[in-house]
Structures are given as structure tokens and as C-alpha cells.
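Below you'll find the structure, written out as C-alpha cells, and then a few comments.
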Amino acid sequence: MIIVMQTGATEAQINGVVGEIHKAGLREHLSRGAELTIIGAIGDEDKLDAAHLEILPGVARVNRITKPYKIVSRDTHPDGSIIRVRGIPIGGEQIQVIGGPCSVETEEQMELAAQGVADAGCRLMRGGAFKPRTSPYAFQGLGVQGLEYFQHAARKHNFPIVTELMDVRMLDTFMEYDVDVIQIGARNMQNFDLLKEVGRVNKPIILKRGLSATISEWLMSAEYIAAGGNHNIIFCERGIRTFETAYRNVLDVTAIPVLKRETHLPVIVDPSHAGGKAWMVPALAQAAVAAGADGLLIEMHPNPCEAWCDADQALTPEELKKLMKTLGAIAQAVGRSL
Ligand code: PEP
Ligand code: MN
Numbered sequence: 000m001i002i003v004m005q006t007g008a009t010e011a012q013i014n015g016v017v018g019e020i021h022k023a024g025l026r027e028h029l030s031r032g033a034e035l036t037i038i039g040a041i042g043d044e045d046k047l048d049a050a051h052l053e054i055l056p057g058v059a060r061v062n063r064i065t066k067p068y069k070i071v072s073r074d075t076h077p078d079g080s081i082i083r084v085r086g087i088p089i090g091g092e093q094i095q096v097i098g099g100p101c102s103v104e105t106e107e108q109m110e111l112a113a114q115g116v117a118d119a120g121c122r123l124m125r126g127g128a129f130k131p132r133t134s135p136y137a138f139q140g141l142g143v144q145g146l147e148y149f150q151h152a153a154r155k156h157n158f159p160i161v162t163e164l165m166d167v168r169m170l171d172t173f174m175e176y177d178v179d180v181i182q183i184g185a186r187n188m189q190n191f192d193l194l195k196e197v198g199r200v201n202k203p204i205i206l207k208r209g210l211s212a213t214i215s216e217w218l219m220s221a222e223y224i225a226a227g228g229n230h231n232i233i234f235c236e237r238g239i240r241t242f243e244t245a246y247r248n249v250l251d252v253t254a255i256p257v258l259k260r261e262t263h264l265p266v267i268v269d270p271s272h273a274g275g276k277a278w279m280v281p282a283l284a285q286a287a288v289a290a291g292a293d294g295l296l297i298e299m300h301p302n303p304c305e306a307w308c309d310a311d312q313a314l315t316p317e318e319l320k321k322l323m324k325t326l327g328a329i330a331q332a333v334g335r336s337l
């Protein structure tokens, strides 16, 4: 940690800071310039409280040297991690596409959706049984019945299932129903108690980016999960809220290379919740693959006009199939495969 003293800081103030460094079991290195004194704290900087040092008399500012997110940082794990979901690698050379409806509605809808996911060549399936809706009067998901329909349809095609967990109290049920990948939705990215709980299980977690979350807040949320022992975390960029109102959210393509540099964990993109319209999904999905995403999470419904949730942004099975064909060529151009 680097502590920069104010111009004209007194010897007593400098000694005060050094005293705090010693108290934490670290050593100091003083650099006295013509105007400023800079104090380096040498040792485990997690033992020092930057906010406490910052309010000491004579201190101008305090800068950390190491990252506050340790387990998820690429510094501690230079090679990219591959997370296996029932044998399917996420984060390696192959790009994985997770397709399926926004929400689980009926047994028949799930059967048709699973067939569409299979025909398109996707290897994992999505579907929400518990839905975070803006209105309390909107369809909230089928709940446990939805998990049943989902498993039934997906198992026929041997698809691992991806579904959102909103409430800590449902975690045991998710384990009982053998959910393969637990999705933590945008609205729960900073639900720290939920993050701690999914940190205790051994299921892969898709951690969606909060509506207005910074990259560092997102990394810290992943660190919450990792600190509990579960290192199987997949980041999912799903668009962020900005001043723009012409589309649902802004897909932050920039976040892809930035995250790939900051963390060793896989990064996938959800183009559906970003654009919010089906016609935008192909362009955004293609951009994500070109920018280095390890996978995509795409909403597809057997009959989008009749979808109970997010009807505007769902692709038809045919549209998903067509999109998958174009993604193969882009993947190849960036040295990946589909
Ligand atoms: C979803 O994937 O169905 C969903 C609700 O996404 P988000 O949390 O990104 O809004
Ligand atoms: Mn949705």
C-alpha cells in the first residue's frame, strides 16, 4: 500500500502513519521528496485498512497495490479456467451457446423449446422457473413445477440446465432437482447473503452483471462466491443501464476484453436482455463472439408471440438455428470453434 502525505505534513504525522503500519505487522519504506513524503507499507496489505489510514492527520491519499479480489483475479491464476458442466467445457477453445425460453411455461412449450435448442446445435439449455419481474402482478414463474417440466424436457436431449435462483431458501430444492448451473440474476448481483450461500455448493454459477454495476463491483461479487469455496463462476454481461432509451440496455462489449484480462474465469454474453428486441440479438451475439466471449445465453421460444415473459426479445427456433451458423464462422476467425 502507498500512503501519500499532504504537502507540509509534519514529522509527528508521518510517525503516526508509520505507527499504524507497524501495528498491522508491516514494515515501512519512506521516500522523502522536496515537497511530498510517500510511505510504502511492505507486507500483507489486507491487514491495513485504507479508509482508516486516509483519515489520519497529514494523509493526502492511500492507494492499494494488489487487487482486492484475489481468487478470481488473473494475477493468481494466469491461465484461463475451464469450467465443466456435465463434461461440457466453458472457457476453453470452444464457444458454448445456452439457448431456451425466458421462462418455463408449460410441459409442451418446454418440449418444443428443447427440440429447438437441439436442432440449432446448442449444448446447454436455459429457462426460468423463478422470475424476477418488475411488477408484482406479472407472471412470477411456475416455481418448483417449472423445475420439473424443465428437467423432464432437457433430460431427453441430455442438456444440462441453467436456471435462476432468487431466494436462498430455494437452494436445497435446486440441489434436489439437480440444477446443473445456478444463475444469479442481474438484480441479485449484490445480494451478498445469496452469493455466500452459492459459494458453499459445488455447482457452477452464472453471475450476471448488475443493472448499473461497475466491473470492480462485479468482480468483488464473484469473489464473495469464490471465498466460500466455489470457484466455478461464469461471468455474464447482459447489458447495462445508461442514458439511452432506444433499446433495453447497452451491451457493454468493452467489458469482455477487460474481464478476460482481470479474471481467469469464463465470460459469456446475454444479447437478449441487452437489446431487448429479437432483431438485435444476431448482431449483438456476433459482436460478443468477435470480442472474445466464451459463450452466449440466448432466449428462444417455440412461439415468441405467445411467450409469457420477454416475448419481444425471443428468437424463433429457426432464427436461433440460422444465428448459430453465422457464429461458427466468426468463432473460427478469432481462433475458436462452436
Ligand atoms: C434472465 O436471464 O431471464 C434474466 C431475468 O436476466 P437478468 O437477470 O439479466 O435481467
Ligand atoms: Mn428474460
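Mapping the sequence shown onto numbering that gives the first Met the number 0, position 249 (from 1) lands on 248, and the numbers just tick up by one.
C-beta atoms are modelled at their ideal positions from N, C-alpha and C, and glycine is treated no differently.
Can you give the beta carbon distance from residue i to residue j, rounded, assuming they're within the 8 Å contact cut?
i      : j      : result
Gln182 : Ile205 : 5 Å
Val178 : Lys202 : 7 Å
Ala289 : Tyr68  : Not a contact, Cβ separation roughly 27 Å.
Glu163 : Gly184 : 5 Å
Ile20  : Glu44  : So it is not a contact: roughly 10 Å between Cβ atoms.
Ala306 : Val252 : In fact, because the Cβ distance is near 26 Å, the residues do not count as touching under 8 Å.
Gly294 : Ile94  : 6 Å
Met124 : Ile97  : 7 Å
Phe234 : Leu264 : 6 Å
Sort the options by Cα distance to residue i and report the nearest one.
i      : options                        : result
Ile214 : Phe242, Val266, Met169         : Val266
Gly145 : Val3, Gly327, Glu110           : Glu110
Lys320 : Arg122, Gly228, Ile255         : Arg122
Ile54  : Thr244, Met4, Val252, Ser30    : Met4
Leu296 : Trp307, Gly274, Asn302         : Gly274
Ala23  : Ile41, Ala8, Arg125, Ala286    : Ile41
Phe173 : Met124, Glu147, Asn229, Lys155 : Glu147
Met299 : Cys308, Asp78, Ala292, Asp293  : Cys308
Val257 : Phe129, Arg132, Trp278, Arg73  : Arg73
Leu52  : Ile1, Glu107, Pro301, Gln93    : Ile1
Ala330 : Ser134, Gly57, Asn302, Ala284  : Ala284
Glu92  : Glu104, Gly79, His28, Gln189   : Gly79
Gly334 : Ala292, Pro303, Pro301, Cys304 : Ala292
Ala372 : Glu216, Glu317, Ala8           : Shown here, the chain extends from 0 to 337; a query on residue 372 therefore has no answer.
Gly249 : Lys259, Arg260, Glu236, Glu261 : Note that residue 249 corresponds to Val in the displayed sequence, not to Gly. Measuring from the Cα of Val249, the nearest candidate turns out to be Glu236.
Met323 : Thr315, Ala313, Gln312, Leu337 : Leu337
How far does the beta strand (DSSP E) with residue i in it extend, from its first residue to its last?
i      : result
Phe234 : 232-236
Arg260 : Premise fails: Arg260 lies in the alpha helix (DSSP H), 254-261, not in any beta strand (DSSP E).
Gln182 : 180-183
Asn62  : 58-62
Ala277 : From DSSP, Ala277 is part of no beta strand (DSSP E); its letter is neither H nor E.
Leu296 : 294-298
Ile239 : First-last for Ile239: undefined, no H or E at that position.
Val17  : Counting along the chain, Val17 falls outside any beta strand (DSSP E), though it belongs to the alpha helix (DSSP H) covering 10-22.
Ala221 : It is not in any beta strand (DSSP E) - Ala221 instead sits in the alpha helix (DSSP H) that spans 214-226.
Ala153 : No beta strand (DSSP E) holds Ala153; the alpha helix (DSSP H) holding it covers 143-155.
Leu35  : No beta strand (DSSP E) contains Leu35, which DSSP labels as neither H nor E.
Leu123 : 123-125
When every heavy atom of the ligand MN is checked, does at least one fall within less than 7 Å of the C-beta of residue i?
i      : result
Thr300 : In the sequence as presented, Thr is not what sits at residue 300; that position holds His. No, the ligand MN has no heavy atom inside 7 Å of this Cβ.
Using 7 Å as the cut-off, classify the Cβ of residue i as near or not near the heavy atoms of the ligand PEP, replying yes or no.
i      : result
Lys207 : yes
Arg240 : no
Asp269 : yes
Pro339 : The chain is shown only over 0 to 337; residue 339 falls outside these bounds and no answer can be derived.
Gly127 : yes
Ala313 : no
His21  : no
Ala185 : yes
Arg31  : no
Glu163 : yes
Arg237 : yes
His28  : no
His263 : no
His272 : yes
I'd like the span of the alpha helix (DSSP H) that includes residue i, first residue to last.
i      : result
Arg208 : That residue, Arg208, is in no alpha helix (DSSP H); it is neither H nor E in DSSP.
Pro316 : 316-332
Gln114 : 106-119
Met4   : Here Met4 belongs to no alpha helix (DSSP H); instead the beta strand (DSSP E) covers 1-4.
Thr244 : No alpha helix (DSSP H) contains Thr244, which DSSP labels as neither H nor E.
Met174 : 170-175
Leu194 : 191-197
Can you list every residue whose CB sits closer than 5 Å to some heavy atom of the ligand MN, going in chain order? Cys101, Asp309
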